[in-house]
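The numbering used here puts the first residue of the sequence shown at 428, with every later residue one more than the last. Positions of the beta carbon are idealized from the N, C-alpha and C atoms, including for glycine. In this text the structure is predicted, and so the values were computed from the model without any measurement. Take a look at the structure set out below.
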Amino acid sequence: MAISREIAPLPEDDDRIREALADAHLPSLLPALAQLTGDLTLLRDDLFPGTVVLTDPQGGLSPEAQEAARELALRTLAAWRDGGAPPAPALSREQARRMMDYLIGEHVSDEYLPLLLEELAFAETDARAPGWRLEEIAPGRRLRAVIIGAGMSGILAAHRLQQAGVPFTVIEKNGDVGGTWFENTYPGARVDSSNHAYSYSFAQKYDWPYHHSPQEVLLEYFRDCADEFGIRGNVRFNTEVLSAAFDDERCLWTVTVRGPDGAEEAIEAEAVISAVGQLNRPKLPDVAGLGNFAGAAFHSARWDHGAELAGARVGVIGTGSSASQFIPHVAGEAAEVRIFQRTPNWYAPAPNYHERVSGGFLWLLRHVPGYAQWYRFWLFWAISDGFLPMVEVDDGFRPGDEVTGAANRQLRDLLAGSLTQQLAGRPDLIEKAMPRFPPASKRIVVDNGSWPRTLLRDNVRLITTPIREITPRGVATEDGEEHELDALIYGTGFQASHFLTPMRVTGRGGVDMHKQWGGDARAYLGVTMPNFPNFFFLYGPNTNIVVNGSIVYFSECEVQYVLECLRLLLEGGHRALDCRRDVHDAYNERIDAGNLKRAWGVSSVPSWYKSESGRVAQNWPFTLLEYWRQTKTVDPADYALL
Ligand code: N01
428 MAISREIAPL PEDDDRIREA LADAHLPSLL PALAQLTGDL TLLRDDLFPG TVVLTDPQGG
488 LSPEAQEAAR ELALRTLAAW RDGGAPPAPA LSREQARRMM DYLIGEHVSD EYLPLLLEEL
548 AFAETDARAP GWRLEEIAPG RRLRAVIIGA GMSGILAAHR LQQAGVPFTV IEKNGDVGGT
608 WFENTYPGAR VDSSNHAYSY SFAQKYDWPY HHSPQEVLLE YFRDCADEFG IRGNVRFNTE
668 VLSAAFDDER CLWTVTVRGP DGAEEAIEAE AVISAVGQLN RPKLPDVAGL GNFAGAAFHS
728 ARWDHGAELA GARVGVIGTG SSASQFIPHV AGEAAEVRIF QRTPNWYAPA PNYHERVSGG
788 FLWLLRHVPG YAQWYRFWLF WAISDGFLPM VEVDDGFRPG DEVTGAANRQ LRDLLAGSLT
848 QQLAGRPDLI EKAMPRFPPA SKRIVVDNGS WPRTLLRDNV RLITTPIREI TPRGVATEDG
908 EEHELDALIY GTGFQASHFL TPMRVTGRGG VDMHKQWGGD ARAYLGVTMP NFPNFFFLYG
968 PNTNIVVNGS IVYFSECEVQ YVLECLRLLL EGGHRALDCR RDVHDAYNER IDAGNLKRAW
1028 GVSSVPSWYK SESGRVAQNW PFTLLEYWRQ TKTVDPADYA LL
């Protein structure tokens, strides 16, 4: 299937348009129409949507203002159609800024404007494409790349290398592309960011069936992207990377892989791009008796679809994002579910979490040029840097405090109020399910009420007594109770801080990557590290974001940076670049200090955001703008050029 980005002609029937407009997202529609017609008077003061709030899609417009906006849209669309549906006139920066100001309800500053223009990404533009080709800037130069992983980041890197004419091979351990969306097939798996923003900026899909689509839809999107970009032929499936070793003299990487037949093979490449992700090696709980259970036992990312859960007694260890998605489904068919919770979660209300995109809105996205881009832009802004103050640590914070500061308290009160309301009448459950730590200490789980509804079910029991051991019959807790089970599911997350395990990677002088890290993965911009020339990480150390933005955005920035690194090599006639130790160390000091100003950095609750030492090795603590700026170009002074 192709990614649908075709715009269909508007029908003659105005009633059809009127009908669709009933479902319109109005704040993004009027800028789209202003752009389409070049008529900025459409951005009327009386229809000004106000500040962007995710839970208030119509931006606080009164019902009368909404009706007026729909009438205006109808007249504008009909006139545009009757005028022959001409293409939109060229958009100047100032016009774009005016539309953005209107849409987000605040003035877009000069520093954000270039980033936002890039993110708008109209169909015919791809501002993050390399803009150079190997044969043009370095004719005859040999540059081959190995990409490890064909998930979201790997597909993207492959596409960009292809655009630049750099030969590449992708090594993928699974039988298909898609990474996390290929592996996580548990019931209820869906994207918890808004789907229209969780997609490549340059390959937007207009017909997402849900606001947060289920796993199979995401997998289909990434499959379609791989097909459309024409990169599948370069992927070696069912093949695992065992090691990568740098040869100092030849300035060359040898990547050793094991193919589907078990045979090992060495592949030489001038550059290696790791796109293995952070969340793909399942972590089993460190509890006594693991493996003793006699019934079906499996991890959420290795779902056993043959296990008979209907009518069974099912135990679940863990209550993170994965478990919060599959437990409601399991509870719907099991005889009983016992949830073993070590730490509760904060739940962020997302009313449209399970909702289909309404028919009229879908229709408008397909029929109004530019509308999908402006809607994506609205979402981008809604989940953007404006959230950061809510997770900031104020000066007065003391370890153990339940909030990190004034803005964090506001967030806490909102989330606590929502949970209390949803569990009203059950003080026992409120006591167990209410976190006593600052929101964003660990991942805030997205929910539309399905979690509290599940806890309230007669066949569900939330157990907070610590686990003593796993027995052949079930799970024994420290209060002496043995919970007899037919099946046990581990929703216990991933070995996120064990970057690139179990691969062995050796750099200059044979230095081992994991030994150099000493248990705490660090990188410069999350992409390069000293002693590992031309080895690039995507979604590497400190590139995960907690409350602002999407991982796709980060990958796009990272890949752009990698391509700029390659361009630097080619244009300068260098063989490799090696990150300078002082640059790397100073950068990481800043990152560490930044994370200590965020809730996840100061909180003592367990989370996958920290390595065993307690250092936050996963998260980016600053703004999206700052990461974009730092990865836009490469400063040659940051590197030893070999
Ligand atoms: O894993 P987790 P996850 N005894 O590490 C518990 C992304 N994701 O797979 O909090 C008892 O969050 C552990 O307890 P505690 C998303 O970024 C995205 O759910 O450590 N319990 C916790 O409850 C997410 O954050 C999406 O005390 C034990 C749970 O296991 C990330 O993946 C969907 C234990 C692990 O939670 C990981 O989520 C799903 C023990 N010994 C995931 N050990 C979408 O976008 C661990 N736990 C849709």
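If the criterion is Cβ atoms closer than 7 Å, does the pair residue i and residue j meet it?
{"i": "ILE897", "j": "VAL743", "result": "no"}
{"i": "PRO476", "j": "PRO458", "result": "no"}
{"i": "LYS710", "j": "GLY511", "result": "no"}
{"i": "LEU792", "j": "ALA799", "result": "yes"}
{"i": "ALA584", "j": "ALA702", "result": "yes"}
{"i": "ASP1005", "j": "PRO960", "result": "yes"}
{"i": "SER431", "j": "TYR627", "result": "no"}
{"i": "SER1031", "j": "ASP947", "result": "no"}
{"i": "GLN590", "j": "PRO557", "result": "yes"}
{"i": "ALA750", "j": "ALA734", "result": "no"}
{"i": "TYR966", "j": "GLY606", "result": "no"}
{"i": "THR892", "j": "THR904", "result": "yes"}
{"i": "LEU448", "j": "ARG497", "result": "yes"}
{"i": "ASN661", "j": "THR596", "result": "yes"}
{"i": "PHE629", "j": "ALA548", "result": "yes"}
{"i": "VAL887", "j": "ALA758", "result": "yes"}
{"i": "LEU570", "j": "PHE609", "result": "no"}
{"i": "ALA671", "j": "VAL480", "result": "no"}
{"i": "LEU437", "j": "ARG508", "result": "yes"}
{"i": "GLN462", "j": "ALA505", "result": "no"}
{"i": "PRO816", "j": "ALA834", "result": "yes"}
{"i": "LEU1052", "j": "TYR539", "result": "yes"}
{"i": "ILE564", "j": "GLU998", "result": "yes"}
{"i": "ASN1015", "j": "ARG949", "result": "yes"}
{"i": "ALA761", "j": "LEU736", "result": "yes"}
{"i": "ALA923", "j": "GLN837", "result": "no"}
Which whole-angstrom value is the C-beta distance of residue i and residue j, which I expect to be below 8 Å?
{"i": "GLY953", "j": "ASN969", "result": "5 Å"}
{"i": "TYR1054", "j": "CYS992", "result": "The Cβ separation is near 16 Å, so there is no contact."}
{"i": "HIS638", "j": "ASN779", "result": "4 Å"}
{"i": "ILE694", "j": "VAL682", "result": "5 Å"}
{"i": "ASN869", "j": "TRP1027", "result": "In the sequence as presented, Asn is not what sits at residue 869; that position holds Lys. With 8 Å as the limit, LYS869 and TRP1027 qualify as a contact, their Cβ atoms being about 7 Å apart."}
{"i": "ALA572", "j": "LEU561", "result": "Going by Cβ atoms, the distance from ALA572 to LEU561 rounds to 11 Å, so no, they are not a contact pair."}
{"i": "VAL818", "j": "ARG1025", "result": "5 Å"}
{"i": "PRO776", "j": "ASP874", "result": "7 Å"}
{"i": "TYR529", "j": "LEU470", "result": "4 Å"}
{"i": "SER620", "j": "SER1034", "result": "That pair is no contact at about 19 Å."}
{"i": "ASN971", "j": "TRP1047", "result": "7 Å"}
{"i": "HIS925", "j": "ARG708", "result": "7 Å"}
{"i": "LEU669", "j": "GLU691", "result": "7 Å"}
{"i": "ARG765", "j": "ILE890", "result": "6 Å"}
{"i": "VAL820", "j": "VAL1029", "result": "5 Å"}
{"i": "TYR802", "j": "LEU846", "result": "No, TYR802 and LEU846 are not in contact; Cβ-Cβ is about 30 Å, not under 8 Å."}
Please name the residue in the options whose C-alpha comes closest to that of residue i.
{"i": "SER727", "options": "SER431, ASP821, ILE754", "result": "ILE754"}
{"i": "ALA1013", "options": "MET956, LEU504, ALA723", "result": "MET956"}
{"i": "LEU1069", "options": "PHE814, ARG1002, ALA860", "result": "ARG1002"}
{"i": "LEU806", "options": "HIS452, ALA435, ALA447", "result": "HIS452"}
{"i": "SER811", "options": "THR478, LEU437, LEU456", "result": "THR478"}
{"i": "ASP537", "options": "TYR917, GLU545, ARG524, LYS942", "result": "ARG524"}
{"i": "PRO866", "options": "GLN848, GLY827, ASP855", "result": "GLY827"}
{"i": "PRO594", "options": "ALA721, GLY567, THR847", "result": "GLY567"}
{"i": "THR468", "options": "ALA435, THR503, ASP441, ASP450", "result": "THR503"}
{"i": "MET930", "options": "ILE564, GLY592, ILE598", "result": "ILE598"}
{"i": "THR612", "options": "LEU883, ARG677, GLN642, ALA517", "result": "GLN642"}
{"i": "ASN1022", "options": "ILE531, VAL1043, LEU518, LEU995", "result": "VAL1043"}
{"i": "GLU491", "options": "PHE864, ALA914, LEU474", "result": "LEU474"}
{"i": "ILE582", "options": "ILE658, MET526, ARG520, LEU544", "result": "ILE658"}
{"i": "ALA429", "options": "VAL902, PHE656, VAL938", "result": "PHE656"}
{"i": "LEU915", "options": "ASP731, ALA1064, TRP801", "result": "ASP731"}
{"i": "THR1050", "options": "ARG836, ASP855, GLY813", "result": "GLY813"}
{"i": "TYR1036", "options": "LEU706, GLY945, PHE964", "result": "LEU706"}
{"i": "ARG783", "options": "SER640, ARG555, ASN601, GLN768", "result": "SER640"}
Legend entry - beta strand (DSSP E) runs wholly inside the region 737-799, at least 3 long, in chain order: 740-744, 763-767, 774-776
Legend entry - 4 or more residues per run - each alpha helix (DSSP H) lying fully within the region 853-887: The region 853-887 contains these whole alpha helix (DSSP H) runs: 854-860, 877-882.
Inset, instruction - Let me know the beta strand (DSSP E) ranges lying completely inside the region 635-685, each 3 residues or longer, listed in chain order. - result: 667-674, 679-685
Legend entry - Within the region 898-953, ranges of the alpha helix (DSSP H) (whole runs, at least 4 residues): Within the region 898-953, the complete alpha helix (DSSP H) runs of at least 4 residues fall at 940-944.
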